[in-house]
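**Q**
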Amino acid sequence: MSDTTPEGWAEQGRPPALFRRFAFACYADTRAFLERVAAVQEELGLAPQNISFGTTYVNVTIAAADGALGEPERTLAQRIAAAAEGIAA
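Its first residue numbered 4, the sequence shown is counted upward by one per residue in the numbering used here.
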């Protein structure tokens, strides 16, 4: 993990990626978060490599685009985390 890993995210080395699990109280909160993430993706023109979810959780993996995690991936992670504010359990 580097000093630039966004708070709450786990950094993997092979392949380089950021991972975080978000927990919610109910499906309505999960759905609201997913809608916010979609808006962030559209605004930044970036998307996580993988988003998986269930009724009360969302797993997000952001892979390195160029073989190493850079500012775009870290910004995406920060913006996704901000999207959870006020609704995450």
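We treat Cβ as the ideally placed atom computed from N, Cα and C, and that holds for glycine.
Using DSSP with H/G/I as helix, E/B as strand and the rest coil, what is Thr-33?
**A** In this structure, Thr-33 counts as helix in the three-state DSSP scheme.
**Q** Less than 8 Å separating the beta-carbons of Ile-65 and Leu-79?
**A** Yes; because the gap between Cβ atoms is below 8 Å, this pair is in contact.
**Q** Can you tell me whether Glu-76 is buried or exposed? The criterion is at least 16 other CB atoms within 10 Å of its CB, across all chains shown.
**A** By the 10 Å Cβ count, Glu-76 comes out buried.
**Q** For the beta strand (DSSP E) holding Ala-68, just list the boundary residues, first then last.
**A** From DSSP, Ala-68 is part of no beta strand (DSSP E); its letter is neither H nor E.
**Q** DSSP state of Leu-21, grouped into three classes?
**A** Here Leu-21 sits in strand by DSSP.
**Q** Where does Gln-44 fall in DSSP's three states?
**A** DSSP places Gln-44 in helix when its eight states are reduced to three.
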